[in-house]
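Note that our numbering gives residue 45 to position 54 of the sequence shown, counting from 1, and the numbers run on in steps of one.
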Amino acid sequence: MRVRWPPPSYPLAGLIALVAVLPVVVLVTLVGDAPDPFSPYNLKVLLNTVVLMALTVLGSVLIGVPLALLTAYVEVPWRRVWLVALAAPLALPSYIGAFTFYAAFGPGGEIETLTGLSTPSLDGMFGAALVMALYTYPFVLLTTRASLCSLDASQVNAARTLGLSLPMSLWRVVLPRVRNGIAAGALLAAMYALSDFGTPAIMRLDTFTRVIFVEYNAFGLSQAAMLSLQLLSIVGLVLYLESRVKTPQELPGRSLSIWPSRRQSVALFAAVAPIVLLAIALPLAVFGIWLWRDGAEGFELAYAWNSAYAALLAALVAVVLAVPVAHAAMSGRAGRLMERLTYLGFGVPGIVMGTALVYLGLKLPLLYQTLALLVLAYVLRFLPLAVGAVRSTSERIDPKLVNAARTLGASRGEAFRRITLPLTLRGIVAGGALVFLEVMRELPATLLLGPTGYETLATYLWRVYEAGYFGRAAVPGLLLILISALGLVLMLSGEARGGRSVLEDNRR
């Protein structure tokens, strides 16, 4: 009987998967001494978190689905420019939007200072939900648009022939067939709302992420761990609910085209302009005013270097680990399970990852408050980005090339080095770039795990917010917007090449 040995990538992929599960194990260990998880205050925090998530999903769907229909079907001038402008909020971390909204609105805000017009304050649940919806609707826009572009328009034409108006045809014929795309975007919006720390903190709304940070600063690790596990339970429930939304796959056909009149085009522009103005123009204007007023006072280039250095280390480690995980996932069921376990880190909010690794650092003094521990947190959080990019590229390699190399006498390692690795290089570079960009924006894990005195662009932005020196946020804010825009270019260029989007790869 012939023994079938496991692929050589399995042992390393299995070890990486075990490390990915480590933060959850640490949290379970910590939670033993926590107080009552169902106290009135904890229930209030739970309610705030769930309501914020629900409002974020509702807002992102109400904004994202109509915009997906617009950019997929409506033939307006410069449609590609419309898509880039409407997807642009995805390039900004929501805490930048929250910071500028908080500073612009309300008594004494920048709008009142410049124009004399009084505006209401934007904080609490309403402010947080508004900001989160404005910066998560592109998830729904992009995933729904991808589904719409693959539909056959013949059923819509048949519905119109039978007497249905165009709006009713879209409602009854098109939207039910793209439930998967809408659910995928809504899932990403919900996950973002659950994991975001900066927006609730700036808007002064007690959600799990903000309270976990407060408990950590008060040395309440057990309470922070208990809250973290409750938050993870909600994340797991959201993932399960999304998995139940399925629609049959359709063969692609001729796309629907809608030709509006000039007046209708102007009305569409007037309808979407406020979204771009609030989500993009307002933050840029506020940071521009602060830069003109205060210059670069207090900012040091070392902050940008710290961000780039840590992000580069994390990107290099992530792509090195992503290669065996991606190849194990393509080798069999056990490999796919290992890949799924590594995706756990992407569902763990940064504040939760930081809480778990702080405890690990306390048990291992050599790691506590070191750059190595911070890089480990980054890798565990964003490894799925690299795995998705590497796997997506690897799946397109013709296996006959590797088989031919083996037939000609090349060893397994030589075939990998000379055939597989060069052909997956584009995916490796893309995955590393995405990890780099996400690490540059990461705030909560950096606040919890950064070495003493170690400032990055994100943490410096947070410090000046806490201190009230808003003008000093201009340079780091604009740099983060520029860096984040590069990530948007990567995603949209992937769509232009006709491949799977980054969003789709990381849902798998």
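Note that beta-carbon positions come from the ideal geometry of N, C-alpha and C, so glycine has one too.
These figures come from a predicted structure and were not determined experimentally.
Within its chain, find whatever has a CB closer than 7 Å to the CB of residue i; leave out the 5 residues flanking it on each side and keep chain order.
{"i": "Leu362", "result": "Ala301 and Pro442"}
{"i": "Ala76", "result": "Val267"}
{"i": "Ala317", "result": "Val378, Val381, Arg382 and Ser385"}
{"i": "Ala293", "result": "none"}
{"i": "Tyr451", "result": "Tyr294 and Pro467"}
{"i": "Leu348", "result": "Pro14, Leu364, Leu367, Ala368 and Leu440"}
{"i": "Tyr126", "result": "Pro80, Leu83, Ser85, Gly88 and Ala270"}
{"i": "Phe188", "result": "Thr200, Arg201, Phe204, Gly341, Ile342, Leu434 and Pro435"}
How should residue i be labelled, buried or exposed, when 16 other C-beta atoms within 10 angstroms of its C-beta is the threshold for buried?
{"i": "Trp453", "result": "buried"}
{"i": "Ser385", "result": "buried"}
{"i": "Ala287", "result": "exposed"}
{"i": "Gln255", "result": "exposed"}
{"i": "Arg136", "result": "buried"}
{"i": "Asn297", "result": "buried"}
{"i": "Pro509", "result": "Because the chain spans -8 through 499 in this model, residue 509 falls outside it and cannot be assessed."}
{"i": "Ala319", "result": "buried"}
{"i": "Asn171", "result": "buried"}
{"i": "Leu9", "result": "exposed"}
{"i": "Met(-8)", "result": "Bear in mind that a pLDDT of 36 at Met(-8), under 50, signals an unreliable position, so the model cannot answer this."}
{"i": "Phe130", "result": "buried"}
{"i": "Leu21", "result": "buried"}
So, helix, strand or coil for residue i, using DSSP?
{"i": "Val147", "result": "helix"}
{"i": "Val65", "result": "strand"}
{"i": "Leu334", "result": "In the sequence under discussion, the amino acid at residue 334 is Tyr, which differs from the Leu named in the question. Three-state result, Tyr334: coil."}
{"i": "Arg195", "result": "coil"}
{"i": "Asp187", "result": "coil"}
{"i": "Gly441", "result": "coil"}
{"i": "Pro413", "result": "helix"}
{"i": "Asp96", "result": "Note that residue 96 is Phe in the sequence shown, not Asp. In the structure shown, Phe96 sits in coil (DSSP, three-state: anything other than H, G, I, E or B)."}
{"i": "Glu495", "result": "In this prediction, Glu495 has a pLDDT of 44, which is less than 50 and means its spatial position is unreliable; nothing more can be read from the coordinates."}
{"i": "Leu374", "result": "helix"}
{"i": "Leu434", "result": "coil"}
{"i": "Phe130", "result": "helix"}
{"i": "Gly107", "result": "coil"}
{"i": "Gly118", "result": "helix"}
{"i": "Tyr460", "result": "coil"}
{"i": "Gly341", "result": "helix"}
{"i": "Tyr359", "result": "coil"}
{"i": "Arg(-7)", "result": "Annotation note: pLDDT 41 at Arg(-7) (below 50); position unreliable, no value reported."}
With distances taken from CA atoms, which of the options is nearest residue i?
{"i": "Val257", "options": "Arg327, Gly468, Trp73 and Arg331", "result": "Trp73"}
{"i": "Leu273", "options": "Leu185, Val42 and Ala79", "result": "Ala79"}
{"i": "Ala306", "options": "Leu371, Leu218 and Ala449", "result": "Leu371"}
{"i": "Ser0", "options": "Glu330, Ala175, Ala264 and Glu433", "result": "Glu330"}
{"i": "Leu470", "options": "Ile173, Ala295 and Ala270", "result": "Ala295"}
{"i": "Val16", "options": "Ala216, Leu121, Ala276 and Leu439", "result": "Ala216"}
{"i": "Tyr32", "options": "Leu218, Val56 and Thr91", "result": "Leu218"}
Sorted by chain position, which residues of the same chain lie with C-beta nearer than 8 Å to residue i's C-beta, five sequence neighbours on each side aside?
{"i": "Leu222", "result": "Thr40, Leu185, Phe199, Thr200, Ile203, Pro340 and Val343"}
{"i": "Val229", "result": "Met44, Leu178, Ala181, Met182 and Leu185"}
{"i": "Pro315", "result": "Ser0, Leu3, Ala4 and Ile7"}
Who are the Cβ neighbours of residue i in its own chain at under 6 Å, not counting the five residues just before and after it?
{"i": "Thr110", "result": "Phe96 and Ile102"}
{"i": "Gln146", "result": "Val164"}
{"i": "Ala124", "result": "Thr47, Gly50 and Ser51"}
Cβ of residue i less than 8 Å from any chain B Cβ?
{"i": "Leu132", "result": "The chain labelled as chain B is not found in the depicted structure, where only one protein chain is given."}
- Item | Start-end ranges of the alpha helix (DSSP H) lying completely within the region 207 to 284, minimum 4 residues | 212 to 234 and 253 to 267
- Item | alpha helix (DSSP H) runs wholly inside the region 277 to 324, at least 4 long, in chain order | 292 to 320
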